Amino acid sequence: MDLGTYYRGKRVMITGGLGFLGSNLARALVELDAEVLLVDALLPLYGGNLHNIESIEDRLTLEIADIRDQEAMNRLVPERDIIFNLAAQVSHLDSMANPLLDLDINARGNLVLLEACRRLNPGVKVIYAGTRGQYGTPTESPVREDHPMRPTDFYGVNKVAAEQYHFLYRKVCGLRATSLRINNTYGPRHQMKHSKYGVLNWLIRVAMEGKKITVYGDGSQLRDYNYVDDVTEAFLLLGASSEVDGQAFNLGSGEPISFLESVVGIIDTVGGGTYECVPWPDERLAIEVGDFVADYSKIGRVLGWSPRVRFREGLERTVEFYRQNWPHYWTS
-7 MDLGTYYRGK RVMITGGLGF LGSNLARALV ELDAEVLLVD ALLPLYGGNL
43 HNIESIEDRL TLEIADIRDQ EAMNRLVPER DIIFNLAAQV SHLDSMANPL
93 LDLDINARGN LVLLEACRRL NPGVKVIYAG TRGQYGTPTE SPVREDHPMR
143 PTDFYGVNKV AAEQYHFLYR KVCGLRATSL RINNTYGPRH QMKHSKYGVL
193 NWLIRVAMEG KKITVYGDGS QLRDYNYVDD VTEAFLLLGA SSEVDGQAFN
243 LGSGEPISFL ESVVGIIDTV GGGTYECVPW PDERLAIEVG DFVADYSKIG
293 RVLGWSPRVR FREGLERTVE FYRQNWPHYW TS
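Count the sequence shown with my numbering and you get residues -7 to 324, in order.
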């Protein structure tokens, strides 16, 4: 698939556009000569960061707006060819502490956006950022897209609801919606102010500061990690395909490793930091899903996607980025 030909001149909107996934996707799209509109609410403690579009700010349009704002969505949605819908509250722990806020952003916010699409741009293509958290504790491995969804926290429940909203709009009014169920993603431009989400990136900061990384339990639980460039490519392929409408797709790495192995890899790559194994805190143990390995063969069959960046190479790229840019991410 020639992505350059497809995206050239396409009018693309990215919700959560100043965040980790959104800004990396924006950088790829401007290189493909798309007309890019970033929409971000810049909510405190979330991932939005103006430095994420440093050097490309004059090649896109930025709108500070919230997907929960119907007037803003009504104004921004018309005439878009493609919407990458990435805006979300992504902290599992915060969803348990404040479930109504999670519901408001991750469920109602998506309905606001989808209603604007239905009424003002029913032909738009929408790619939703789903999550492995929708599945909950796996009953089989690797986890395929038809695995039952039994989330262990409100975040997962509301992400399931939002994905189903997209597919319901597909069924009842023909909206060209698809979902990419993202695994653990790491790489440049992730928020580094706190540990509430993006655990791998946060541990990189801890190691870079020469501090001790906390490992809950024995760290033996398996995880899949995808480097952000591979996730960006998956989004682009989905956005350019008519075959994927109404479907969900997993991502995965093909090389799951234990959490402890990932910690050791971070310490080795950074050249600093230590780790300590401690008992699980009750609030984290209650939402822990154990081993999680995703089956990503479907997106491979349909679109030819496969992960290109291996774990250690991705760590090296990430650490190098933050060594050069840490003042823009360490501070609030």
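C-beta: ideal position from N, C-alpha, C; glycine also.
Owing to the predicted nature of the structure, the values given are computational and were not obtained by experimental measurement.
Between Met141 and Ala154, the alpha-carbon positions lie close to 13 Å from each other. In the structure shown, Arg173 falls within a strand segment according to DSSP collapsed to helix, strand and coil. Exclusion of the five residues before and after Asp58 leaves Ala33 as the residues of its chain whose Cβ lies within less than 6 Å of its Cβ.
With respect to Phe227, Phe12 sits apart: the two C-beta atoms are not nearer than 8 Å. The region 258 to 269 makes contact with the region 188 to 204, as at least three CB pairs between them are under 8 Å. Asp25 places its beta carbon 8 Å or farther from that of Tyr(-2). Each residue's CA atom was taken as its position, placing Tyr147 and Leu52 some 31 Å apart. Between His186 and Leu37, the C-beta gap is smaller than 8 Å, which places the two residues in contact.
For the pair Ile119 and Lys2, the CB atoms are not nearer than the 8 Å cut-off.
By the CB criterion at 8 Å, Ser133 and Asp274 fall outside the cutoff. Cβ contact annotation for Gly292 (same chain, cutoff 7 Å, sequence separation greater than five): Ser298, in chain order. Under the three-state reduction of DSSP output, Thr(-3) falls in the helix class. The C-beta distance from Val285 to Asp222 rounds to 16 Å, too long to fall under 8 Å, and the pair is not in contact. Looking at the DSSP output, Lys204 bridges to Thr266. Distance between Met5 and Leu29, taken at the CA atoms: about 5 Å.
Taking each of Val104, His43, Asp86, Ile97 in turn and checking the Cα distance to Asn66, the smallest one comes out for Val104.
Cβ contact annotation for Ser83 (same chain, cutoff 6 Å, sequence separation greater than five): Lys188, Tyr189, in chain order. Less than 8 Å separates the beta-carbon of Ile45 from that of Ala18.
Within the region 11 to 68, the beta strand (DSSP E) runs of at least 3 residues that lie entirely inside it are, in chain order, 27 to 32, 53 to 56. Under the DSSP definition of a beta bridge, Phe76 partners with Ile6, Ile119.
Residues Asp94, Leu95, Asn98, Ala99 of the same chain have their beta carbon placed closer than 6 Å to that of Asn150, with the five preceding and five following residues left out of the count. With contacts defined as CB atoms closer than 8 Å, Ala232 and Leu78 fail to qualify as a contacting pair. Under DSSP, the beta-bridge partners assigned to Leu214 are Ser250. Within the model, the alpha-carbon separation for Tyr127 versus Ser47 is close to 38 Å. Taking each of Gly9, Thr170, Asp145, Asp237 in turn and checking the Cα distance to Ser87, the smallest one comes out for Asp145.
Per the DSSP secondary-structure output, Arg168 pairs in a beta bridge with Lys117.
If you look at Phe284, you'll find it isn't in any alpha helix (DSSP H); DSSP assigns it neither H nor E. The C-alpha of Trp318 is placed about 15 Å away from the C-alpha of Glu308.
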